[in-house]
Structure formats: C-alpha cells, structure tokens
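These notes are about the structure you will find just below.
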Amino acid sequence: MSDKAKVVKRIKTFGKKKNALAVATIEEGHGNIRVNGTPIQLVEPAGLRTKLYEPVLILGGERFKGLNIRVKVRGGGQTAQIYAIRQAICKGIVAFNQKYVDEETKRNIKELILQYDRTMLVADSRRCEPKKYGGHGARARRQKSYR
18 MSDKAKVVKR
28 IKTFGKKKNA
38 LAVATIEEGH
48 GNIRVNGTPI
58 QLVEPAGLRT
68 KLYEPVLILG
78 GERFKGLNIR
88 VKVRGGGQTA
98 QIYAIRQAIC
108 KGIVAFNQKY
118 VDEETKRNIK
128 ELILQYDRTM
138 LVADSRRCEP
148 KKYGGHGARA
158 RRQKSYR
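So the sequence shown is residues 18 to 164, counted in the numbering used here.
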C-alpha cells in the first residue's frame, strides 16, 4: 500500500420539501451534476428544470467547475422533489466552501443565496395536519342534520 492515502474532499447534505427528501453528495471533480443518475439537463418536468439551474445561475458556473454533485431524491411529488434538490445543492455548496475553502467565500455565497430566495437554504417547516375523529379530514366535521 502507498504511504500517502488520497483524501477525498466530500460533503453530504440534504434538502426537504413536504415529503420529498434529497441527499446531495458534493466532491471534487469535473463539474458534473447528476440527479438519480441522470444529468441535470434531462431532469423532468422540463418546465421546472429552470428551478434546478437557479443555484448555478445565481452563484455562477465557475464555482461548480471543480465539483461533482450527485443527488438522490425520493418521496413527494415532482415539484416538491425539484425544490428539495435545489435546497440540497445550495446547502452542500455552502458547507463545502466552509469546510474546504474559507469562511469569507462561504459568507459571500450564503448572502447571494439568501438575497435571492431564503428557501434555498432554510427548509419549509409546514407539514400536513393529521386527521381527527368525528370528521372526514383535519378540520372538516360531519354535517349536522336537524330533521
């Protein structure tokens, strides 16, 4: 075995939206971004694809040149998955720069993202309210009849 083991710079982060959970693995590489094994250019639906490009467009492509990003996403619907992926990528870029680059770069990136959209870094805490007894849903009650 070699004396010098190569240290891989790698970060894992997650993004959540409703029931969708995305886990992003960010490491040094050639600028590839893949979602569930497919390139980001082929992610469906095409109408929401621009939402996935937002981190790249806001921060600039040069920040992503030396990074490989792999995202695994499951649960939720199409829109929730897109928002979870976007959040996981943004949180990963911030964490990677904090750990392996420097604090100043991390702060600049975080400010840019927060100015554009806070939900790219902070998860939406709203969840589905559970159903209760005596009705059809969380709030709806059975209709009362007087005759």
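Glycine included, every Cβ here is placed at the ideal spot set by N, Cα and C.
Taking all protein chains shown into account, decide if residue i is buried (16 or more other Cβ within 10 angstroms of its Cβ) or exposed.
i, result
"R144", "exposed"
"V88", "buried"
"G152", "exposed"
"V52", "buried"
"V24", "exposed"
DSSP beta-bridge partners for residue i?
i, result
"V40", "F31 and K89"
"I75", "Its beta-bridge partners do not exist; DSSP assigns none."
"L84", "E45"
"I50", "I86"
"T55", "V52"
What I want to know is whether the C-beta of residue i ends up closer than 7 Å to one or more non-hydrogen atoms of the ligand SAM.
i, result
"V88", "Annotation note on the ligand SAM: not contained in the displayed structure, which lists no ligands."
Can you give me the C-alpha to C-alpha distance between residue i and residue j, rounded to a whole angstrom?
i, j, result
"L131", "T67", "18 Å"
"G77", "K161", "59 Å"
"C107", "T42", "12 Å"
"T30", "R135", "17 Å"
Does the Cβ-Cβ distance between residue i and residue j come in under 8 Å?
i, j, result
"K127", "V111", "yes"
"V60", "L69", "yes"
"I57", "F113", "no"
"K82", "G48", "yes"
"T96", "L129", "no"
"E45", "K26", "yes"
- Counting Cβ pairs closer than 8 Å, one from the region 140-157 and one from the region 115-125, do we hit at least three? no
Tell me whether the region 100-110 and the region 34-52 touch, counting them as touching only if at least three CB pairs, one residue from each stretch, are closer than 8 Å. yes
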